[in-house]
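Line by line, the protein sequences are chains A, B, C and D. For the first sequence, numbering that gives the first Met the number 0 gives the first residue as 0, with consecutive numbering after it. For the second sequence, numbering that gives the first Met the number 0 gives the first residue as 0, with consecutive numbering after it. For the third sequence, numbering that gives the first Met the number 0 gives the first residue as 0, with consecutive numbering after it. For the fourth sequence, numbering that gives the first Met the number 0 gives the first residue as 0, with consecutive numbering after it. No residue lacks a Cβ here, since even glycine has one placed at the ideal position from N, Cα and C. Bear in mind that the values here come from a model prediction, so they are computed numbers and not experimental data. Before any comments, here is the structure.
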Amino acid sequence: MQKDTEPQSGTWQEGSARANSEYIRHRITLDPITRLEGHGRIEVFLDDAGQVDHAYFQVPELRGFEKFSQGRPVEEMPQITSRICGVCPTAHHMASTKALDDLYKVEPPPAAKKIRELIYSAFVAEDHALHFYFLGGPDFIVGPEAPAAERNVLGVIAKVGVDVGKEVIAMRRHLREIVAMAGGKPVHPVFGLPGGVAKRITPEMQQQCQKVAAEAVEFAKFTLQIFEEIVLPNTEYVRLIVSDLYTHRTYYMGQVDEQNRLNFYDGKLRVVKPDGTEWKKFGPAEYLQNIAEHVEPWSYMKFCYLKPIGWKGFSDGADSGVYSVAPLARLNACDGMATPLAQNAYERYVSTLGGKPVHHTLANHWARVIELVYAAERLQELANDPELTSEHVRNLPTATPREGIGVVEAPRGTLVHHYQTDEQGFLQHANLIVATQQNAARIAMSVETAAKGLISLDHMDDGVLNKVEMAFRAYDPCHGCATHALPGSMPLVLRVHDAKGKTVAIVRRDRNGDVKRD
Amino acid sequence: MPDGSPNGNGHSGCRVGVYVCHCGTNIAATVDVAALSGYALTLPGVVVARDYKYMCSDPGQDLIVQDIREYGLDRVVVAACSPLLHEPTFRRALARAGLNPFFLQVVNVREHVSWVHLDKGEASAKAKDLVRAAVRRVLLHKPLEKRKVPINPNVLVVGGGIAGIHAALTLADAGKHVYLVEREPSIGGHMAMFDKTFPTLDCAACILTPKMTQVGCHPNISLWAYSEVVQVDGYVGNYKVKVKHKPRYVIDDLCIGCQECVTACVFKAGKTPDEFNLGLSKRKPVYLPFPQAVPQKVVIDPEACIEFKSGKCKKTCIEACGERGAIDLKQKETFAEVEVGAIILATGFATFDPVRKPYLGYGKYPNIYTSLEVERLINASGPTAGELVLRDGTPPKAVGIVHCVGSRDANTNRWCSKVCCMYSLKLAHLVKERTGAEVYNFYIDMRTPGKGYEEFYDRLLDEGVHFIRGRVADISDWAAHPSEEGKLVIRAEDTLAGFVRRIPVDMVILSVGLEPQPDAQQVRRLFNISCASEGWFLERHPKLAPVSTFTEGVFIAGACQGPRDIPEAVAQAGAASAEALALIDAGVVELEPYTATVDETACSKCGVCVSLCPYSAIAPGGGVINEVLCKGCGTCVAACPSGAIRQNFFEDCEIEEEIEGLLAYA
Amino acid sequence: MLNRRTIPPVVPGKAFEPRIVAFFCNWCTYLAADLAGTSRLKYAPNVRVIRLMCSGRVDPQFVLKAFAEGADGVLIGGCHPGDCHYQEGNYKALRRFLLLRRMLTQMGIEEDRFRLEWISAAEADRLKTAVNDMVEKVRALGPLSLEHVPKFVEAEELEEAPV
Amino acid sequence: MPTKPKVVFYWCASCGGCDEAILDLDERLLEVAGAIDIVFWPVAMDFKRKDVEALPDGAVFAAFINGAVRNSEQEEMAQLLRRKAKVVVAFGSCAQLGGIPGLANLFSRPDIISAAYLEPLTMDNPDRVLPSVHSRCNGQELELPVFQDRVRALDQVVEVDYYVPGCPPMPRIVYNAVTTLLGSELPPKGSVLAPNVALCEECSRKDTKPEKLSFTEFKRPHQVLIDEKLCLLAQGLLCMGPATRGGCDAVCIKGNMPCTGCGGPTSHVRDQGAKMLSALASLVEGKEPEEIERTLATIPDPVGLFYRYGLPASLLQAARQNQTRAA
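The following block contains the structure:
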């Protein structure tokens, strides 16, 4: 594969040659940040000593979902809000659907809840797999210092072997087929209705679910194995994981069941302090008392923090309201996993990383694999549940709508949909708290720390830049989501300015991964 | 751009000629025709533009034909009068030059511009927009063929009054089969009720009866009396008509009109008001409408017949009929469906009901009659066998005739009923002749145009009939003077003498005006034609097409179109018959090709159109339109959600191009 | 997919004259317009008539197209209820009109800019009144420039504007 | 070995679902990737914008661009890719028609900003701080791209050669589109690379459609138990299928929910919303305006229904886009 992407044509050579010469002397461009859903920009400012003074993580867009959702019939929201993100549409669809349950005060029949969680588990497993192999994987499977042309899914496939590659792809397809079968289509599903789901699961469908679930469990085990066999032995990478560059002591939030075990679909939100002890546990309705958003003039991204503790700027520690969500946070926030294999892996993870809470950003990748195992196991439990095929999958809403809140754990972290409507069910106000917003502050900090640790006037090469990217690729940040308020996509620009604010240096990486510095 | 350059719709190379008509000064006075044709020449695709005094004239048409040949035109725009007038004319011109007639677009710069706007600048600007739009549209026109469909030679005539009778006979004599439908038990209409006809005073019955019997026995006429048209489908040349035969309770073919059943009826005397005599006499439950009735067949009135009410009648009528067995009390209404190529409506008129003018005392004072009632009173076959007497049986010594009752009156009907002056004169003459009474006419204006009419008026003046010019204020029995005791006093201002008169009389005749039939609206909807605002049926053109309607193949004759006297009604009936014959004898009729067609490769069978088609022309499930059934309204085209249906000559692209053309700035 | 929309030139000292596109059915309203002509009635010259066989042929796309191409108002004329030459085409027109008007309002286009009139072949006077009245109302509203539809503003214009 | 056509996948204002759609080619992804030389694909590969800028104009065979255009960056990228690519493909509903975020065009820019940064219930913004194009922090100058006033479809920004419909496009359509473009001869410019027949054609419920459709009330999906077999319109549900280009295999309807129209109009229709409006209204029963209004009132949100994906490309908004004053 990768051979095909080597330069061959004369035109190409001329092209890059011209590009290099055209390139003026005092700028670094690393453009765009790749392999994450959505976009970001980093501005780095050096001090007189040529060391990093400040680094800003910026997100530059707005789509206005809160606004243009107004006036729409609220039952359309699951399908409208899923367009916030095409990578985790099912998460938005599900949070929205749960908000509708709450809005119409209607309890879905047991079978409907199980169908929802079945779809959701398949989705989480698939999404985590996508990130592990297609987005994050290249860094630690192929290796952070590998040439650009190899650091992609095709590179991963080259490394793990085409057959495995095909397996990965097949697994992803089968999981997405489950979502499609029960929910219409994998990207932007249509199953969600207040009080249930649009469609029942037939015995035939259940059989397919059971088949895929079994495969999924095997696949999850296999993936865990890859991580433990290929990644963990890579001392270089493990050193990275635990290095201070990628470590922040913040609060962590995640959804848990009654036994404080991780749950993606339903439960209460639990927040632990930087020291790992429980800070608070609250139901969806209380999110308003606990979460607040902060605005910086230099980013379209809104930064979430814990309201009672307050916004103390981009700093970690118990006094700062900065908190984080997503796999790492979830595993910190819960006391364990609800399924055996996952519980195992969880314990191994905690012990290897020296107990909870785990503050190492890059551990997100490991945590993600453990969640993948849990999702697969949970999928299997539900697939085997006899009640799954019940015909009774909807209760019709009767109450007059007014206000509803829905919360799920999206692959990238806690997701809150909150609607207010008139009595006809026309949306008047929508409040959306998405995962990456809640990680935004921590991501900004990670980036700044990474930049400070890695970049200086004389130390700036491709590997370094990729490591800066890794700092937030680990969060699997979805700016599609985070910028639900803002549209589209924007490349990450890493520019280095001197104390006088003048852009001073440029590292240019060509597609062989060679680094040029003028 | 006289080289016919592309207009951006892939129609480069089209060569358009634009022709602006002056219509004498009708257009030229308000629209700058020279500037208009000058402007047209600047439009993409236009290679020649002219303005000419009368485009519709032969030289005008030749101009187009020559240009088509000379300049190799393949599209033509004519800016003139309404396309509804001369589109056919110019299409023929194109055809003569060997061009498809539908490569024409007519711009209405007369009715829609020069005649309705005053400011020359504004009118000219509007005309430019319209021409620009037409030029852009015509570039997209596709060649079309008119559809030719055979014509059914049969004709339906609705209404058995003098107009209907005459039309039916004319067509039947020409060898066409005619279905004559009359809702009353007998044909004859109003004319059959009259005694004499003005101005010749010949007996109405004497001239009408022969025609009636002719109708009754004409081999080419199916006379359907006591019947009504209930449904009309189809289109010119091929109408499907459903007719309801109301039950007579007498079997037509068996009844010979001997009336023994009438004599035998358990009712020794009539108890039911006689419709034909306007209730001035009574009839039995079984009766012959009137002596000369055609068909000569009795009718049984279920409202009046004991058998129908109680079932306990001796049924002497059936006995009387004996083995002929013509009476069938179980008879039900039946329906007949016929196919005809043309339809003539001769549904006639109604008379004004003077109760609507209380001050005239009708219905309050027994000796106040309407003119029609008096026609029956003085008719030999009428309730009094022709004796004009008061309710007490004595002959009147003084009679007042009030003209224009319900006519020429803002409060009732604005129009002049046209016949009242003349029949009032006729009645005045007859009253004087029969009773020698003093006759006073109260009139607004005497209107006596017509052959021998004015002379008849002079004759009446000589006969000593009084004429008082003035509207009647009121009629009452209030006596202001002993001489008025027991009399009806007519108060009217004598506008010639200039003072108010009080005329005591014994009898008053109200010359009631003519009105559209009360059900004229239902009838016109049934036949899909229009009514003028007064409710008279609307002719296609007041001068050039007085008996045609906007619905091809449907003609109108007689008083259904407006007040008429007998000769006019008969003349119109003849005209309508001639039009119908012309249509039928052509053998085929050409239909506009404006039908809709489905692009089957684009149709998703969503079925939206199927539910919409008023003619069920679209096959269930959609996908195919039956071109013969389609009438080209375009409703399905507008509704087709995937744009799979198009309408000839009104394609989306053509109309959108017209819109763009109208709004584009020069 | 782009369609050009031309709005009137600004002529100093010349008052705004609405441009109205009318869709008249061939059997009633178009005839009424002809009758207005033969009766020499006078009315405002702002209306441009497009002849269709039936008001049922009016595709909402035509109406939007007219507005899009620069019309300030759109008038649909058909036969009175029950009088349609094609039985019920005018009812189809009515139903589409009502929904389209609701949608246009939602898009911020004033009700008076879009109108449906039943005018029979005999009602030349009614046609005159309808046209004049509509022209008056639209003139009062001023030109339709779709201002309510957020317009794309060049980056430079926005640069300094507070977001 | 012969050079393979260079291909770019890029996203503008999009949710990423279109890129997922490409990954959904699954096994066929490897086949496609083998046939082309992907020189730019931010979501999955480490090539940078500079790599593209380095290419000679026209050096790229095809640029598949998803997402609508709402900020200056996206506009620049669209123009850059237009220069570099022989063929520009508007990929997915947002690029083709403006997409669901295009509904934002119902509101003004300030409204959207304030809804995002001032009105949210969780917002803590006493000083009413708003993101701004230029700002200073610790004495350092920071910049943000311009949030433009309006969402635009791709062809309202640059010339577009082909369209791939769907939100997101179905794998089958993506595969056919790509292989068509790689085929020996290109389809006519402006083609939408999908079947040109409305959805009903391929809908599994087609045969359950009653011979004559008509409406006295429209139902909202949450108000009724939806029959899994019967035509949704026949159940009074607002299904956009009749006015929507098919090719998606009617997946939403298989999910027992109405089509919302992401396929856009067929090539015979200019304005999808107007056409569906016409079809539905025509089928409403009743002759009295009040009666008809009562039925129509059960269509809760006409614009949101008829222009769910196509507002920016609709006749009116496209016109606004190109409004010019006559000389």
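Considered as a whole, the region 129-216 of chain D harbours 170-181 as its complete alpha helix (DSSP H) runs of no fewer than 4 residues, in chain order. When C-alpha distances from lysine 272 of chain A are compared across A/Tyr304, A/Ile229, A/Phe133, the shortest belongs to A/Tyr304. With a cutoff of 7 Å on beta-carbon distance, proline 188 of chain A and threonine 89 of chain A are scored as near each other.
Interface flag for valine 48 of chain C against chain B is set, since a Cβ pair is found closer than 7 Å. According to the DSSP assignment, alanine 637 of chain B belongs to the alpha helix (DSSP H) that extends over 634-638.
For aspartate 132 of chain C, there are no C-beta contacts with chain D under 7 Å, since the nearest C-beta of that chain is about 19 Å from it. Distances from the CA of alanine 556 of chain B to each of B/Glu538, B/Lys125, B/Phe549, B/Leu543 were compared; the closest alpha carbon is that of B/Glu538.
Along the region 68-141 of chain B, the alpha helix (DSSP H) occurs as fully enclosed runs of 4 or more residues at 82-95, 119-137, listed in sequence order.
Shortest Cα-Cα distance from glutamine 206 of chain A to any of A/Ala440, A/Gln379, A/Thr397, A/Ser445 involves A/Gln379. Where leucine 222 of chain B is concerned, there is no enclosing alpha helix (DSSP H), although the beta strand (DSSP E) around it starts and stops at 220-223. Under the DSSP definition of a beta bridge, arginine 645 of chain B partners with B/Thr596. Separation of the CB atoms of glutamate 492 of chain B and alanine 479 of chain B is rounded to 16 Å, and the pair is thereby denied contact status at 8 Å. For glutamine 419 of chain A, the uninterrupted beta strand (DSSP E) segment begins and ends at 412-420.
DSSP links methionine 506 of chain B through a beta bridge to B/Val398. Going by C-alpha positions, glutamate 86 of chain B is about 6 Å away from valine 105 of chain B. Residue pairing of proline 149 of chain B in beta bridges, as defined by DSSP: B/Val587. Per the C-alpha coordinates, the member of A/His247, A/Asn394, A/Gly335, A/Val294 positioned closest to leucine 99 of chain A is A/Asn394. Under the DSSP assignment, lysine 267 of chain A falls in the beta strand (DSSP E) whose first and last residues are 267-271. Taking a Cβ-Cβ cut-off of 8 Å, the neighbours of leucine 611 of chain B in chain D comprise Ser281, Leu282, given in sequence order.
Of all residues in the region 267-281 of chain D, only His267, Val268, Lys274, Met275, Ser277, Ala278, Ser281 place a beta-carbon less than 7 Å from a beta-carbon of chain B. For the region 202-231 of chain D, the set of positions with a beta-carbon nearer than 7 Å to some beta-carbon of chain B reads Lys205, Lys208, Glu210, Lys211, Leu212, Ser213 in chain order.
Put simply, the CB of leucine 97 of chain C is near chain D, with a gap under 7 Å to one of its CB atoms.
When secondary structure is reduced to three states using DSSP, phenylalanine 67 of chain A falls in the helix class. Counted as a single uninterrupted DSSP element, the alpha helix (DSSP H) harbouring tryptophan 365 of chain A occupies residues 363-382. Counting the other CB atoms within 10 Å of its CB gives aspartate 252 of chain B a total below 16, which places it among the exposed residues. If you draw a straight line from the Cα of leucine 139 of chain B to the Cα of phenylalanine 96 of chain C, it comes to about 28 Å. Within chain C, the residues placing a beta-carbon under 8 Å from that of proline 288 of chain D are Leu93, Leu97, ordered along the chain.
Taking C-beta separations shorter than 8 Å and ignoring five residues to either side along the sequence, the partners of glutamate 227 of chain B in its chain run Val180, Arg182, Val242, Lys243, Lys245, following chain order. Minimum Cα-Cα distance from arginine 175 of chain A among the listed residues D/Glu19, D/Ala152, D/Phe8 corresponds to D/Glu19.
By the Cβ test, the region 337-346 of chain A is not in contact with the region 300-319 of chain A, since fewer than three Cβ pairs between them sit closer than 8 Å. Scanning B/Val293, B/Leu83, B/Val76, B/Leu207 for the CA closest to the CA of isoleucine 186 of chain B turns up B/Val293. Rounded to the nearest angstrom, the gap between the Cα atoms of glycine 183 of chain A and cysteine 261 of chain D is 14 Å.
By the Cβ rule, the region 396-403 of chain A does not count as touching the region 365-381 of chain A, because fewer than three pairs are nearer than 8 Å. Residue-level contact by beta carbon fails for methionine 102 of chain C and chain B, as no gap is shorter than 7 Å. When DSSP states are grouped into helix, strand and coil, glutamine 288 of chain A belongs to the helix group. Taking C-beta atoms as the reference points, valine 339 of chain B and leucine 83 of chain B fail to come closer than 7 Å.
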